[in-house]
Amino acid sequence: METRELKYFVAVAEDLHFGRAARRLGMAQPPLSRAIGGLERRLGTLLLERGSRGLTLTGAGAVLLREARAVLDAVEAAERRTRRAAVAATGRPAVVLAAKAGASSELLAKLLDAYAAEPGAAAVDVVLCGPGEQSRYLHDGRADVALLHRPFDDTSGFDTEELRSEGQVVILPAGHPLGARPHVRLAEVTGLPDLPLPRWPRPDGTFPDGPGPRVRDHTQLTQLIVLGRACAVVPESGRTGLSENLTAVPVSDAPRVTTVIAWPPQLRSTAVAGLVRAATAL
1 METRELKYFV AVAEDLHFGR AARRLGMAQP PLSRAIGGLE RRLGTLLLER
51 GSRGLTLTGA GAVLLREARA VLDAVEAAER RTRRAAVAAT GRPAVVLAAK
101 AGASSELLAK LLDAYAAEPG AAAVDVVLCG PGEQSRYLHD GRADVALLHR
151 PFDDTSGFDT EELRSEGQVV ILPAGHPLGA RPHVRLAEVT GLPDLPLPRW
201 PRPDGTFPDG PGPRVRDHTQ LTQLIVLGRA CAVVPESGRT GLSENLTAVP
251 VSDAPRVTTV IAWPPQLRST AVAGLVRAAT AL
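Letter 219 of the sequence shown, counting from 1, is numbered 219 in UniProt numbering, and no numbers are missing.
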């Protein structure tokens, strides 16, 4: 199979419509349909069911969609990392670290300081991502290493080292009745009609259904909580640096959050190795 064919198939499988996929790819529909048909003949199986109500993925098609995404991510990552290596050869090498905006800020600052103090440390470019984007950055090569948070972030396919485990707190506007409690339960937080939990975008950019406000970044969420329009359940470290307009209360039955440092297993980088050593030493 060629990467061109895989790109064609992923577009059709995601849109489930030949016309939309063709427009997305910037090509005519007939050659796209022929390419998918040729791929099915060579594999000896149907990848898409064509019916009166449109296209649906077969079981084999679902497998190829998952595998094709991984292959295309690997190709893109190889290109990006090769280009960065070429740039690094002409000057000081750099490593790209992805972290979720607003999370693990204290740990991240300590990590950067500790690594910078090591002899021969490379420059570290920090990329702050939205929720769940760090894994995507690692997969497609936009980052070399990332701070991920179990059980929320997908760590499958990466090498990891655990850095710390912590409970969770709910962030509320100052003066809210729950703010005076020593702790709350998760059901109490999720059932607040006046302070709904926020809705973060999915990888495809759409938002899940629900009453909570749509948010895209930590700054927006903080302002909504201050205004009394939302609350948020975050790792305990998220209480660091809270303004006087906000308060944090432990959520006694929320799952613990484990922060890990993660990197692709095929990556061979002394800079990443040094950064991981500095992180585990903390």
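We treat Cβ as the ideally placed atom computed from N, Cα and C, and that holds for glycine.
Here the segment 180 to 191 makes no contact with the segment 263 to 276; the two share fewer than three CB pairs at distances below 8 Å. The C-alpha of Gly212 is placed about 7 Å away from the C-alpha of Ala230.
Between Gln134 and Leu148, the C-beta spacing is below 7 Å.
Sequence-distant partners of Phe207 (beyond 5 residues in either direction) whose C-beta falls short of 6 Å from its own C-beta, in its chain, are Arg199, Pro201, Arg214. At the C-beta level, Gln168 and Val260 stay beyond 7 Å of one another. Residues of the same chain with a CB within less than 6 Å of the CB of Thr56, apart from the 5 flanking positions on each side, are Glu49 in chain order. When rounded, the separation of the alpha-carbon atoms in Leu221 and Ala74 is 33 Å. Take the alpha-carbon of Gly19 and the one of Ala68: they are about 21 Å apart. Exposed is the label assigned to Pro30, since fewer than 16 other Cβ atoms lie within 10 Å of its Cβ.
If you compare the alpha carbons of Leu172, Arg66, Pro193 with that of Leu246, the shortest gap goes to Leu172. Per DSSP, the continuous beta strand (DSSP E) segment holding His149 begins and ends at 145 to 150. If the five residues before and after Leu97 are omitted, its C-beta is found closer than 6 Å to the C-beta atoms of Val124, Val126, Val145, all from its own chain and listed in chain order.
In this structure, Thr82 lies away from Ala60, with their beta-carbon atoms at least 7 Å apart.
Per DSSP, Arg50 lies in no alpha helix (DSSP H); the unbroken beta strand (DSSP E) holding it starts and ends at 48 to 51.
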